[in-house]
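Notes to accompany the following structure.
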Amino acid sequence: MISLHNYLLFVLAAVALILVPGPDMLYMLGRCVAQGRRAGILSAIGFNLGGYVHITAAVLGLSAILAASATAFTVVKWAGAAYLVYLGISTLWRKERPLAVEAVAGGVRGRTILWQAFLSDVLNPKVALFFLALLPQFVDKDAPHPALQILLLGLTVSVIALPTNILIVCCADRITGSFRRNASVSLWLRKGLGVLFIALGLRIAVEKI
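Right, here's the structure in full:
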């Protein structure tokens, strides 16, 4: 199995990469800034659930197929980009004030935020390629059961990422909470959230392997 030294190195690498701002973190912070702490936490949970899909794909070798096939990568990339652009346009189009997620705990809107984050993560091929590029570097190819090693490393990323992202959300919420209580500022935050979604979708669309 993986040596303790390699495992600790992997943990440090995973923490560093989790803290690097990317589409998922920007989406999560956008939700938090515009709609509050609960929206950010639900987004973090959605991304974490999406990560398990990518872990399963990595263990089964599907990520390798995605990386090797330009067509497969393009299909997933455009699906994810289109979904984020759709979310952005929908957010800009809505006329009502931004949703106060705390007031509808467990409601339909809360579940919607979670599943939107889940789909956004699953449809982001860069996440699949992240697992494909990082995990094999720490796998002992001479040891038995390399798939179990990949599974252990993938689960480690998920276990580290969720509390880290929740901590980031809580910090962001404390900083921006007063802005959301102002109606006019809250409206602009919602518009900014919509623009952010569209920008993330366009960013994914133009990225290459």
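Reminder that position 22 of the sequence shown reads as 8 in the numbering used here, one-by-one numbering, no gaps.
Note that the Cβ used here is the ideal one computed from N, Cα and C, for glycine as well.
If you're wondering where the values come from, they're calculated on a predicted model, not measured in any experiment.
A straight-line Cα-Cα distance of about 34 Å links Ala56 and Leu(-6). Scanning the stretch 98 to 167 for uninterrupted alpha helix (DSSP H) segments of 4 residues or longer gives 111 to 120, 132 to 166, listed from N- to C-terminal end. Just so you know, the alpha carbons of Gly47 and Trp174 end up roughly 44 Å apart. Between the stretch 151 to 165 and the stretch 18 to 36, the count of Cβ pairs shorter than 8 Å is three or higher; the stretches touch.
The C-alpha of Asp159 is placed about 6 Å away from the C-alpha of Gly22. In this structure, Val143 is the residue among Val143, Leu100, Ala2 with its C-alpha nearest to the C-alpha of Ile41. Counting only residues of its own chain and dropping the five nearest sequence neighbours on each side, Val39 has a CB closer than 6 Å to the CB of Val108.
At least 9 Å separates the beta-carbon of Ala58 from that of Ala191. DSSP, reduced to helix, strand and coil, places Ser55 outside both helices and strands of the structure shown, so it counts as coil. According to the DSSP assignment, Ser(-11) belongs to no alpha helix (DSSP H), since it is labelled neither H nor E.
The alpha-carbon separation between Leu3 and Val(-3) amounts to approximately 10 Å.
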